[in-house]
Every structure is written in C-alpha cells, then in structure tokens.
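Protein chains in written order, with my numbering: chain A, 438 to 1335; chain B, 40 to 159. We put the CB at the ideal spot given by N, CA and C, even for glycine. Predicted model only: the values in this text are computed from it and were never measured. Accompanying notes for the structure given below.
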C-alpha cells in the first residue's frame, strides 16, 4: 500500500517536472541499443544487421518511449494538463467573450457568496458556547392567539426546568434601564437573567463571578454584571471595578462581575448590563425567554415529550393561567434567528436564481462560440479525437472559466458581504439580526464558493459541450454558410433565453409585490400625523414620582412652560407612543354588564394621556370630547376610548356616558391581565367621555386594538415612563434644547432619555419591509439586466447568421421596416413565452413572500401586469438595437460576404 | 507456458507482476546490472521459452524504481560503455523473499490439484 502511494507521489511529481526525464530515458535507450549492437557485432553480424536486429528486439522505440512515459506520469492527469493549457490559450484568444463571461459569473457568484456568508454567520455557525447543539430555547405557546414563540412566566420556567431531559436551565428578559453616569442620565438595554444562565450556556465571567440564586429574591442586595463593552466605555476597563457601584434606576448597584468580551445574549437589542432576575410568582405574567441545556443522553424529541406532559399537568393544576399554555422547544441557534430565517433563505433562493440566469447567459455565449468553432472541432474529430475527448476539452474550458469567474466572484462577494451586513444591521436597528456583525469570509464560505463555481461551470458547460462535440464532419468541413434558407437560432439557445426571461420576471414580480406592500404600509392610515412632532422619552424615577399628585404637578408644570414657548404648537404626555409595540393589556369590567366569561374580564390596551396629547398628535376626535384642564384629580374618573374599542364593546350603543371599572392594584398592575370575575367594590369607575380615531400602536401592518386612555392626572397606575410629544412650527429636532430646558425647570432631575422625531419612528417601523423590498428589487434589476443582455446576444447572433438572407430579402425589395418588424416579432415572441412561464414562477414566489413580510398580497394582478410590461419593454429594447443594425444591412455587402 | 494464479484479472497485469519478480530475482542473483543485461539474463534463464520485446522491460523497471524496490545509478559497463545500472534495495530484497514464498505456496497448492489426476 505504502509502495503504491510512493509510486503515485513520484508520478504526480513527474507531471510537473515534464520533459526533463525524457532526455535521460533517451540516453538510456541509446545505451541499451549500443550494448546490444556491440554484442551483435561481436557475434559476427554486419553493422547494419546488428543495428536492425537490436531495434527489432527492442520492439519499437516509439512504443517503448510511450509506454515509459505513461508509466512515468499519471496518464489521466497528463491529458488534463493538456486540456487546461489548451483551454487557457483559447480563452486568451477571445478576450471579449472571456471578459463578458467572467464578469457575468463574478456578479452571479459574488452575490451568492455574500448572501451565503450572512446565512452562515446567522444560521449555520454553531453558537460560541461549549457543546452548542445541546442548547435549546423553550417558548410558551398560546392556543388562543396561536403564538408559538411566546414568553413564559417565572413559575412555568421553574417547572419546565425540572424536566429530566435537561441538565440545567436559565431564563432571561430584556429590560431598559436608566443609569446615572457622572451626572448624565443614559437609557440602555439591560438583560435580567437567572443565576443559572451563565452555567447553562457554559460561560465563565471574565472578571468576578456570576449571580447567586439568593440574589434573585426581592429585597436581595443589588448587584450588576457589566458587559465587556460597557466595562470599557464606562469604567475604562479598570481591573479594580469589582465592588464599585453604579447608579441604576435611582438605586446603587454593586458590580460583581464582568462578562467575557464575546458574550452576547440579547436577541433583539444589544445589552449593556446584566441584572439578576427577580422572582415573580405570578403565573399570569409572561415575560421570560427560557434557555436549557440537554443532558448528553437526552434528545430534543424526549425533551419535547416531557415538556408536553409537564405543560398538560400545569394546565390541569392552574386552569386560570395555564389552560391554553403549552411549551415549544427549539434548538437555540434556530430560535435566535427565528424571525429572519425565512427571509434569509428566500434571499438565498433569489441570488440562486440570479446565478442561474448568469449561467444561462454564459451558456448561451458558449453555444454561440461553439458554432463559431465548429470547424476547429471538426478538424480535431477528423484527426481522431473521440467525442468524449472533445467533450472533456470543452468542459475543461467551462470549468476554467467558472473558476476564474469564481475567483473574481469571491472578491466581489467579500466586498459585498460587508456592505450588505452593515446595510441590514443599520437599517433594522434597534431590532437586530443576531450575529450579523460576524458575517465574513471563513472556510465554509470559501468551500461554498468553490462548490458553486464548479457546479456553475458544469451547468453552463454541459449543454454547449454536448451540442458542439458532435459536429457533422462532412458539412462542417465544407463551407456552407451561404445557405439562404431562413434558419433560426438553435432551439437550445432560444430555450435558454426564454428561461432567463422567465426567471427575471419571477424576481421582478416578487420585487414588485414587496414594493407595493411597502408603499401601502407607508401610506396606510396611521391614525395620527407624525410631521413636525418631537417625541422625548422620559423616566419618572420612583419613589419620587410614585404619588399621582407629584406626577400631575410635574406634567402640568412642564406643559404650561412648553405652551408658553414660541415655536411650540402644542404638547402632551402619553405613556405609550404609537408604533412602539403597543400598550400593556389590562382587564376591566363594564359597569352594568356581566363579564364575558366567569374567569375572564374584558381586555383592552390601556394608555395614559394628558389633555393636549390628542391635539398634538392630531388624533381625530370622533365623538364626545377628550381630556381638558377641567378634569382634575378629584373629578370623577374619565376615560377616552378608540373606535375599535367602541365598536367592540358597544356595538349597538353609544359608548359616551357608560362606565367601566378598573381593578387598580397599585403594587402589581401586571397581575390583572387575566381578571378575576365581576366588579369589585374596590374598583375605580371611569366614565367614557369620548371616542377618538384608531392609532396603529404595535406596527403599521397590525390592525388597531381596542384602546382605553386614562387621564394622566387621574391615572393611579404607576408606570414610570412617559413620552412627551411636542408639535412644533418648524423642524421638531431644533426644539430639543428648549424642551429640555422646560422639563428641567419643572423638575431638575428627570432624566430625558431619547429625542426622536415622530417621522423617524414611523420610518423605522417600516424598516424591515423596506430593506427587503430594496434587496429583492436590487437583485431583480440585476436579473433583468442579465436577461436583457442574453436576449441582446441572441438577437445579435441571429442577425449575424442571417446577414446573407437579409441581404437577399432587401435586394428583392423588402423594406427596412419589414426586416425590423421581422426581427422584433421574433424577439417579442420569445419575451412573451418567457413572461408566461415566468408568471407561474411568480405565483410560487409571492406565496413564499407572504410568510416573509406582512401585508403582501400574493398574485396581485396590478403588480404582475406592471412588471410584465416592464420586462417586455426591456426585451423589445434589447431586440431593437441589433435589429436596427440588421435593417441597415447593405444588400451588396451582405450578398458578397460570407 | 507459465501457470499463474495470483491475479485472476488482466493478463497484462499478471505478466507485469511476473516480469517484476524476474527482474528482482535477476538482480538478487547477479548484483547490479543494466537494463540490457537484465533482459538478456531473463531470456537465458527461461531457456529462451520467453520471447519478449526488450522494450517492455523499461516501464517495469521504472515501476519497481517508483515503488522503491530498486535504485538506479549511471555507471560504466565491462566494455566501457555508459549505462544505467539498477540494484536491489533492502526493501527489494525483502520483497523478493516474500514473492518467492507466495509463489512456492501457490505452486504447492496447485500441485495437489494436479497430482491426483495424473495418478489416475
């Protein structure tokens, strides 16, 4: 075995060395013959006879030399080397073709490399934890809403964690906090996590320690772990940071650890701090993301089965909270990217289609050249090259071309990756695609590119190679291009062009549909007007603003100052801004009406607004009135509801004047999500005084929910955050300084967190559909360009083939217009067939897109029709250019030339 | 006629195998020798039953050299002619022993088959 390997290695080396050993063997043969001849001479032969006898016994010098050479090298590889050399020469002789092909391939392969490297970073690369395949995420499922990626309650998490299939489990939730750093307030994203999370993930803090279980209890000493980035930005990477304190949410927290630099647990936003999870025994309150590590011997299937049993047990034991709650298990790497998986795979499919079009183009080009080279191939065939040998030669050219295209594509792809990744990351902020910043070139991406290049070479090489390698020798060796019979481009080329057009139409239709849905989203009625409005996020630190009186005083003070400011049209406070994810849902009763079910009250989103809020946001008042300065804290409670609430709760009645009762529990507002039966004498009643227009609260594509607004000076709900909306005369952002001054005058220590214009908020809410429309649009445009080039090439070829025939026609009296019409009709026919086929593909694609982006209308006839017209227009243009050349053919020249 | 059992496949393969053994044995018996000499010697040893082109020797010599059983050097023959001499390497020696053993075992087995028939 080893001997054979040794021989193989030497033979491979000889391949490279080439002809140097030829000389040595020639010398050896020569010496052999000399020895034989001298023996013969000594035996008495004449010199001539001696020489002849020696040669005869040797058995032919040429054969011997060939047999020796075959053994010396690897015969198969030798022919490959020959083919390769020949291919290089051929490509170099046709620089136009070679450049066009390489460019086309580079674009196609590059796009694929870029998208794949993003898919690789986000979906394929294992998570940077020990034994990452054992990590899973457990979601709650809600049978009533159909949500299977819901958040879990703390007691549920603890119960799930007890499953035997898990080695450990941990939970986390994202929370925004305010910190006080050197007097400046900052609003950051933080992560509250259980003490077990670091262990579950297998992470060791870089400095200090993780949380201890006792720190999860309410009232425990306040501790915090810093992220590496935060440690560097706020503590200067000081190694003595442990034990120092940080002011978070008006409390002093002690730093007990620093996380390792590469650790990042947040999925939707980049966290800066870690705080301990606070135990919450309320099974109704779902807010946690749960991560678990499977035992080595357990499988996901087993874990799923166990969780199913546990969930059923919980549903039976706690029907009020868990009746419709189940558990959904998913590998962590999938769970982290669950909101972008489909999108990324669709993108991968799209660039695959673009590459296919590019391949088709190059195949078309190669077919054209194959026809031009048929004489050369015929000569080779006549000289004895077998069909297989010719095919191998042509395939070698294709693979070489594809490799060059792949190398260029690799360069294009790496450049494109960084551009794309930062485009996606930037446009989708603050929601993020996990790990996208790590998208880059690694071994897997390289392997992918190589594989794609090879496949590409084979795909576009096979058909032309097969077609060209069996020339009709007789016909080819004769010169018969003087044929006057009208011949069309071969069926294969025409089919390829039709395929390209169909694929391009498919992508265009997809882009068109996305674009349409994006535009619809952008222009959808929002319920408010966002121009000239500045939104300022505030934090009302507890316990200073725990009392309603303190809050009302602050609101009133700030608002009166703002109203007096020139440049301010109006200003108001609200707890939850539109398009911000929606207000918290609370349970309430309608006075005089029984609850819908014994265990559930009515549910609506509850927001808090000050008197001028509706006017500031230009939310229309449909009936009744909104809060005014006359509504004082002591006045009877009033609420304003939105149209959806009016329609839902008082469908056949006039809601104004009716009353609702809200069980206000100052300590645990979240506990009232499910409700507890009928009106309680301790509930506070509110009268409905007005109905306002619906406002999109979650996102533009979600329909409005029923919403109830409490007056800010009457609401006993201690929500510590508020948003100040200010409508300005001019550019809202210019008022930032003035607004800050007014608020600070009202209260010097209220942290002002974020200043955004409402227009920006709206724009960000459509960021996702916008970016997808842009990306798909870009690739579709590329596809269209490639298809147009393909069609142009085909028609040019047809024209050049038919120059003679056209000359004859013109000489016989055909008008130039007729020639033009003839060619245009041909091009149009191809375009129409392609479009028809493409529509079928478009139907399939748009169906996929529906799951990707909200609000997409599949099979939208307007979108399909418009892109079809666009495509046919481009196709006609691509046909027209070469056709015009044909119409200008000088019959004398055409008839003369060949 | 040579009887062979080793490869029940291509005749050329087998022939090459036996040729290789003959070359090795020749070198073992005679020491370093050039290609022409080896060819002559094989012819003699087979008492001229083997009539084969000398040219076929060279690919076989090359294969043995690539496999490391023989090594080559340029030298001078008895009549002062320049020639490429081949000699057995240590691995070659071991290979000769091994192959001889295999052949003897083969012929012994075959003898059992053939002997009873001859007796009857």
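Worksheet item: Quick one: Cα of residue 441 of chain A to Cα of residue 59 of chain B, how far?
Response: 14 Å
Worksheet item: When the Cα atoms are used, what is the spatial distance from residue 1114 of chain A to residue 710 of chain A?
Response: Below a pLDDT of 50, predicted positions are generally treated as unreliable, and residue 1114 of chain A, at 44, falls in that range; no measurement from the model is reported.
Fill in: Under the three-state DSSP convention, the category residue 1253 of chain A falls into
Helix at residue 1253 of chain A.
Fill in: Closest Cα partner of residue 1013 of chain A within the set A:1032, A:750, A:962 and A:1047
The candidate whose alpha carbon is nearest that of residue 1013 of chain A is A:1047.
Worksheet item: Of the residues that make up the segment 480-501 of chain A, which ones have a beta carbon closer than 7 Å to any beta carbon in chain B?
Response: Listed by position, the residues of the segment 480-501 of chain A near chain B (Cβ gap below 7 Å) are 494, 495, 496, 497, 500 and 501.
Worksheet item: What is the rounded straight-line gap between the Cα of residue 1034 of chain A and the Cα of residue 586 of chain A?
Response: 26 Å
Worksheet item: Is any beta-carbon of chain B found at less than 8 Å from that of residue 921 of chain A?
Response: Legend: pLDDT at residue 921 of chain A = 44, less than 50; position of this residue unreliable, value from coordinates given subsequently. Cβ-Cβ to chain B under 8 Å: no for residue 921 of chain A.
Worksheet item: From which residue to which residue does the beta strand (DSSP E) around residue 767 of chain A run?
Response: For residue 767 of chain A, the enclosing beta strand (DSSP E) covers residues 762-768.
Item to complete: Quick one: which residues of the segment 116-134 of chain B get their C-beta closer than 9 Å to a C-beta of chain A? List them in chain order.
Response: Residues of the segment 116-134 of chain B that bring their beta carbon within less than 9 Å of a beta carbon in chain A comprise 116, 118, 120, 121, 122, 123, 130 and 134, in sequence order.
Item to complete: Can you tell me which of the three DSSP states residue 1142 of chain A falls into?
Response: coil
Worksheet entry | Selected residue, minimal CA-CA separation from residue 969 of chain A, among A:1316, A:1199 and A:551 | A:1199
Worksheet item: In chain A, which residues lie less than 7 Å from residue 67 of chain B when you measure between Cβ atoms?
Response: Chain A residues near residue 67 of chain B: none, gap ~18 Å exceeds 7 Å.
Practice prompt. Please list the partners that residue 449 of chain A has in chain B, where partner means a Cβ-to-Cβ separation under 7 Å.
Written response: The premise fails here: residue 449 of chain A is roughly 11 Å from chain B at the closest Cβ pair, so nothing lies under 7 Å.
Fill in: Where residue 565 of chain A sits in the DSSP three-state scheme
coil
Fill in: For residue 659 of chain A, the three-state DSSP class (helix, strand or coil)
coil
Worksheet item: Can you name, in chain order, every residue of its own chain whose Cβ lies under 7 Å from the Cβ of residue 1082 of chain A, other than the five neighbours on each side?
Response: 1041, 1143, 1144 and 1145
Worksheet item: Checking contacts by CB at 8 Å: is residue 472 of chain A closer than that to chain B?
Response: yes
Worksheet item: Closer than 8 Å, Cβ to any Cβ of chain B: which residues of the segment 504-531 of chain A, in chain order?
Response: 504, 505, 507, 508 and 509
Item to complete: Would you mind stating whether residue 790 of chain A and residue 940 of chain A have Cβ atoms separated by less than 8 Å?
Response: Between residue 790 of chain A and residue 940 of chain A, the C-beta gap is smaller than 8 Å, which places the two residues in contact.
Practice prompt. Pull out every residue of the segment 1233-1264 of chain A whose Cβ sits closer than 7 Å to any Cβ of chain B, in chain order.
Written response: none
Item to complete: List the whole-angstrom C-beta distance separating residue 1286 of chain A from residue 786 of chain A, where the pair is believed to meet the contact cut-off of C-beta under 8 Å.
Response: 11 Å between Cβ atoms; not a contact.
Worksheet item: Which whole-angstrom value describes the C-beta separation of residue 1257 of chain A and residue 1324 of chain A, a residue pair presumed to lie in contact below a C-beta threshold of 8 Å?
Response: 5 Å
Worksheet entry | DSSP bridge partner residues for residue 616 of chain A (one or two, in chain order) | A:623 and A:685
Worksheet item: Applying a beta-carbon distance threshold of less than 8 Å, which residues of chain A neighbour residue 57 of chain B?
Response: Result: empty, since nearest Cβ-Cβ is about 17 Å, beyond 8 Å.
Worksheet item: Does the distance from the CB of residue 1236 of chain A to the CB of residue 1259 of chain A come in under 8 Å?
Response: No Cβ-Cβ contact shorter than 8 Å links residue 1236 of chain A with residue 1259 of chain A.
Worksheet entry | Whole-angstrom C-beta distance between residue 861 of chain A and residue 873 of chain A, which should lie under 8 Å | 6 Å
Discussion item. Below 8 Å on the Cβ atoms is my contact criterion, and I expect residue 836 of chain A with residue 891 of chain A to pass it. Report the Cβ-Cβ distance as a whole number of Å.
Written reply: 7 Å
Worksheet item: Is there a Cβ from chain B that is less than 8 Å from the Cβ of residue 460 of chain A?
Response: no
Fill in: Cβ-based burial, residue 504 of chain A [other Cβ within 10 Å; buried from 16]
buried
Fill in: Contact with chain A by residue 139 of chain B, beta-carbon distance below 8 Å
With respect to chain A, the C-beta atom of residue 139 of chain B has no partner C-beta closer than 8 Å.
Fill in: Given residue 1080 of chain A as reference, the closest of A:964, A:1064, A:772 and A:1065 once Cα atoms are compared
For the residues A:964, A:1064, A:772 and A:1065, the minimum Cα distance to residue 1080 of chain A belongs to A:964.
Worksheet item: Just reading off the beta strand (DSSP E) that residue 126 of chain B is part of, what are its end residues?
Response: 121-127
Discussion item. Check whether the segment 107-122 of chain B and the segment 460-477 of chain A touch, using three or more Cβ-Cβ pairs below 8 Å as the test.
Written reply: The segment 107-122 of chain B vs the segment 460-477 of chain A: in contact.
Item to complete: Please confirm if residue 13 of chain B has its CB atom under 8 Å from at least one CB of chain A.
Response: Residue 13 of chain B cannot be examined here, being either before or after the span of chain B that is shown, 40 to 159.
Item to complete: For residue 92 of chain B, decide whether its Cβ has a neighbour in chain A, counting only Cβ atoms nearer than 8 Å.
Response: Answer yes: the Cβ-Cβ gap between residue 92 of chain B and chain A drops below 8 Å somewhere.
Worksheet item: Expressed to the nearest angstrom, what Euclidean distance is found between the alpha-carbon atoms of residue 718 of chain A and residue 596 of chain A?
Response: 12 Å
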